[in-house]
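Enquirer:
Residue numbers (my numbering): 1 to 356.
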């Protein structure tokens with residue numbers, strides 16, 4: 001197709017789901033939308049979707065991208081601030097300090113693009129939508145993965161990750177009456193056959209990517225796993241003593257215990273992934289978006305935050321594919337977005353990182 005942009009561009013209500021590190025793909029999706037001249041007029045986000053969506057609306061996505069794309073495995077480990085609290089493995093203070101440097105003092109109601117972030121109130125067992133107040137606070141509440149990141153307390157509310165109840169918050173997007181279409185990004189999608197990140201990246205990017213991944217695996221992969229397991233072992237030993245089982249005569253030895261305790265954390269994250277994937281399917285069935293972009297949950301673990309570059313590329317690739325399918329159908333049925341361009345017809349001078 002070689003369609004021209006309609007006046008003002010196609011207006012999009014964007015839904016960004018949870019998914020941990022896979023949420024980096026949201027950045028690539030935004031790149032693809034901007035390259036085609038789409039105008040994002042509303043954002044609803046959960047967990048990592050709240051992070052990317054909120055930072056984009058605040059005009060700080062280029063700075064955030066620069067930061068996460070420079071993170072390697074050791075940088076990620078340094079951001080882990082282990083706590084002895086039985087309510088979570090880490091406080092996320094170091095991450096929040098970085099985000100504060102980007103969005104300090106910004107209020108949700110002052111954003112040029114309306115943003116809704118979703119958290120879960122553990123006391124009342126219901127969703128909490130943030131549409132007013134501190135953007136930083138809204139993000140902190142939305143990313144508190146139960147058992148991993150300590151909850152955020154707000155008055156009588158004990159708030160954790162919105163993905164516990166609503167990993168793909170469609171309702172706020174449907175309320176954006178001025179939007180031409182709703183685009184949703186599900187970063188916990190089920191895949192009938194497990195696929196890796198390398199398998200899903202465009203073919204032209206594969207050779208360099210394979211080299212990078214091989215080097216990382218050979219030179220630093222072993223240290224990454226040893227360091228992470230050691231940190232997790234110290235964490236769970238402390239939590240075990242708080243629970244009163246440290247002197248259990250049947251407790252495993254240090255080496256065996258380290259392996260078991262790494263399994264605990266992995267089990268929490270894997271269980272959360274599975275739950276979110278199932279919930280997201282119901283949300284999509286109940287409130288189908290016009291365009292659905294799915295990032296399989298098998299492409300990487302939720303905590304592989306050192307893989308931003310690849311995941312951003314994947315997000316753009318998947319968005320381009322989904323938009324091509326939608327625009328092809330739109331051209332045949334005269335949709336509100338039938339005039340939106342394909343990627344090749346977008347201006348060569350367009351800046352992918354431009355924030356509206």
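Glycine included, every Cβ here is placed at the ideal spot set by N, Cα and C.
#1: With a threshold of 16 other CB atoms inside 10 Å of the CB of residue 101, please say whether the residue is buried or exposed.
#2: Locate the beta strand (DSSP E) running through residue 358, then write down its first and last residues.
#3: What are the boundary residues of the alpha helix (DSSP H) that residue 33 is part of?
#4: Find the nearest neighbour of residue 297 within the set 320, 134, 315, judged by alpha-carbon distance.
#5: Measure the C-alpha to C-alpha separation of residue 184 and residue 295 and round it to an integer number of angstroms.
#6: For residue 117, which beta-bridge partners are listed by DSSP?
#7: How about residue 103 and residue 79: do their beta carbons lie closer than 7 Å?
#8: Whose C-alpha, out of 12, 67, 31, is nearest the C-alpha of residue 307?
#9: Within the continuous beta strand (DSSP E) that includes residue 199, where are the two ends?
#10: Could you pull the start and end residues of the beta strand (DSSP E) that residue 296 belongs to?
#11: How big is the Cα-Cα spacing for residue 311 and residue 321?
#12: On the criterion of 16 or more Cβ atoms from any shown chain inside 10 Å, does residue 75 qualify as buried, or is it exposed?
#13: Quick one: residues in its chain with C-beta nearer than 7 Å to the C-beta of residue 93, no 5 flanking neighbours on either side, listed in chain order?
#14: By how many angstroms is the C-alpha of residue 291 removed from the C-alpha of residue 197?
#15: By DSSP, does residue 95 sit in helix, in strand, or in coil?
#16: Label residue 44 either buried or exposed according to how many other C-beta atoms from any shown protein chain fall within 10 Å of its C-beta, with 16 as the threshold for buried.
#17: Ignore the nearest five residues each way along the sequence and tell me which others in residue 317's own chain have a CB closer than 8 Å to its CB.
#18: Flag this pair as yes or no: are the beta carbons of residue 13 and residue 47 separated by less than 7 Å?
#19: Helix, strand or coil: which one does DSSP assign to residue 90?
#20: Using only the alpha-carbon positions, how far apart do residue 77 and residue 191 sit?
#21: So, for residue 268: in the same chain, excluding its five sequence neighbours on each side, which residues have a beta-carbon less than 7 Å away from its beta-carbon?
#22: Under the three-state reduction of DSSP, which class applies to residue 143: helix, strand or coil?
#23: Taking the straight line between their C-alpha atoms, what separation do you get for residue 83 and residue 90?
#24: Residue 25 and residue 113 - do their beta-carbons sit closer together than 7 Å?
#25: Taking all protein chains shown into account, decide if residue 288 is buried (16 or more other Cβ within 10 angstroms of its Cβ) or exposed.
#26: On a CA-only basis, which of 177, 323, 169, 283 is nearest residue 16? Give me that one, please.
#27: Where do the ends of the beta strand (DSSP E) carrying residue 161 lie?
#28: CB residue 96 to CB residue 151, shorter than 7 Å?
#29: Anyone know if the C-beta pair for residue 119 and residue 141 falls short of 7 Å?
#30: Hey, quick one: how far does the beta strand (DSSP E) through residue 168 stretch, first residue to last?
#31: Going by other Cβ atoms of all chains shown within 10 Å of its Cβ, with 16 needed for buried, is residue 19 buried or exposed?
Expert: On the basis of the supplied data:
#1: Position 101 of the chain shown holds residue 101. Taking every protein chain shown into account, the CB of residue 101 has fewer than 16 other CB atoms within 10 angstroms, so this residue is exposed.
#2: For residue 358 there is no data in the structure shown, the boundaries of the chain being 1 and 356.
#3: Translated into the one-based positions of the chain shown, residue 33 becomes position 33. 25-35 is the span of the alpha helix (DSSP H), which, as asked, contains residue 33.
#4: For the purposes of this step, residue 297 is taken as residue 297 along the chain shown, with counting starting at 1. In terms of CA proximity to residue 297, 315 leads the group 320, 134, 315.
#5: Numbered from its first residue, the chain shown carries residue 184 at position 184. Numbered from its first residue, the chain shown carries residue 295 at position 295. Distance between the alpha carbons of residue 184 and residue 295 is about 11 Å.
#6: Taking the first residue of the chain shown as 1, we reach residue 117 at position 117. Residue 117 pairs with 45, 130.
#7: By 1-based counting over the chain shown, the position of residue 103 is 103. By 1-based counting over the chain shown, the position of residue 79 is 79. No.
#8: As a position in the chain shown, residue 307 is number 307, starting the count at 1. Minimum Cα distance to residue 307 is reached at 67.
#9: Working through the chain shown from its first residue, we reach residue 199 at position 199. Residue 199 -> not in any beta strand (DSSP E); alpha helix (DSSP H) instead, spanning 197-200.
#10: As a working mapping, residue 296 is identified with position 296 in the chain shown. For residue 296, the enclosing beta strand (DSSP E) begins and ends at 291-296.
#11: Within the chain shown, numbered from 1, the residue matching residue 311 stands at position 311. Within the chain shown, numbered from 1, the residue matching residue 321 stands at position 321. Spanning the two alpha carbons is a distance of roughly 15 Å.
#12: By 1-based counting over the chain shown, the position of residue 75 is 75. Residue burial is scored here from C-beta neighbours: residue 75 has fewer than 16 other C-beta atoms within 10 angstroms and is therefore classed as exposed.
#13: As a first step, residue 93 must be located in the chain shown, where it is residue number 93. Here the set comprises 81.
#14: Start at 1 with the first residue of the chain shown, and residue 197 comes out as number 197. Start at 1 with the first residue of the chain shown, and residue 291 comes out as number 291. The alpha-carbon atoms of residue 197 and residue 291 are separated by roughly 22 Å.
#15: As a first step, residue 95 is located in the chain shown; it is residue number 95 there, counting from the start. The three-state reading of DSSP puts residue 95 in helix, counting H, G and I together.
#16: As a working note, residue 44 is residue 44 in the chain shown. The residue is buried, with at least 16 neighbouring Cβ atoms inside 10 Å.
#17: Along the chain shown, read from residue 1 onward, the residue named residue 317 stands at position 317. The residues are 28, 200, 201, 202.
#18: Sequence index remark: in the chain shown, residue 13 carries index 13 (1-based). Sequence index remark: in the chain shown, residue 47 carries index 47 (1-based). Taking 7 Å as the Cβ cut-off, residue 13 and residue 47 do not qualify as a contacting pair.
#19: Walking along the chain shown from the start, residue 90 turns up at place 90. Looking at residue 90 - three-state DSSP - the assignment turns out to be strand.
#20: Working through the chain shown from its first residue, we reach residue 77 at position 77. Working through the chain shown from its first residue, we reach residue 191 at position 191. In this structure, the alpha-carbon of residue 77 lies about 29 Å from that of residue 191.
#21: Walking along the chain shown from the start, residue 268 turns up at place 268. Within the same chain, residue 268 has close Cβ partners 147, 148.
#22: Translated into positions along the chain shown, residue 143 becomes position 143. If DSSP states are grouped into helix, strand and coil, residue 143 belongs with coil.
#23: As a working mapping, residue 83 is identified with position 83 in the chain shown. As a working mapping, residue 90 is identified with position 90 in the chain shown. If I take the Cα positions, the gap works out to 5 Å.
#24: The residue given as residue 113 occupies position 113 in the chain shown. The residue given as residue 25 occupies position 25 in the chain shown. Result no, Cβ atoms of residue 113 and residue 25 do not sit closer than 7 Å.
#25: The sequence position of residue 288 within the chain shown is 288, counting from 1. With fewer than 16 other Cβ atoms within 10 Å, it is exposed.
#26: Mapped onto the chain shown, residue 16 falls at position 16. When only C-alpha atoms are compared, the closest one is 169.
#27: Translated into positions along the chain shown, residue 161 becomes position 161. 157-161 is the extent of the beta strand (DSSP E) around residue 161.
#28: Locating residue 96 in the chain shown gives position 96, where the first residue counts as 1. Locating residue 151 in the chain shown gives position 151, where the first residue counts as 1. The beta carbons of residue 96 and residue 151 sit no closer together than 7 Å.
#29: In the chain shown, counting from the first residue as 1, residue 119 sits at position 119. In the chain shown, counting from the first residue as 1, residue 141 sits at position 141. Closer than 7 Å, so yes.
#30: Numbered from 1 along the chain shown, position 168 holds the residue referred to as residue 168. Counting along the chain, residue 168 falls outside any beta strand (DSSP E), and DSSP gives it neither H nor E.
#31: Residue numbering aside, residue 19 sits at position 19 when the chain shown is read from its first letter. When all chains shown are included, residue 19 counts as buried.
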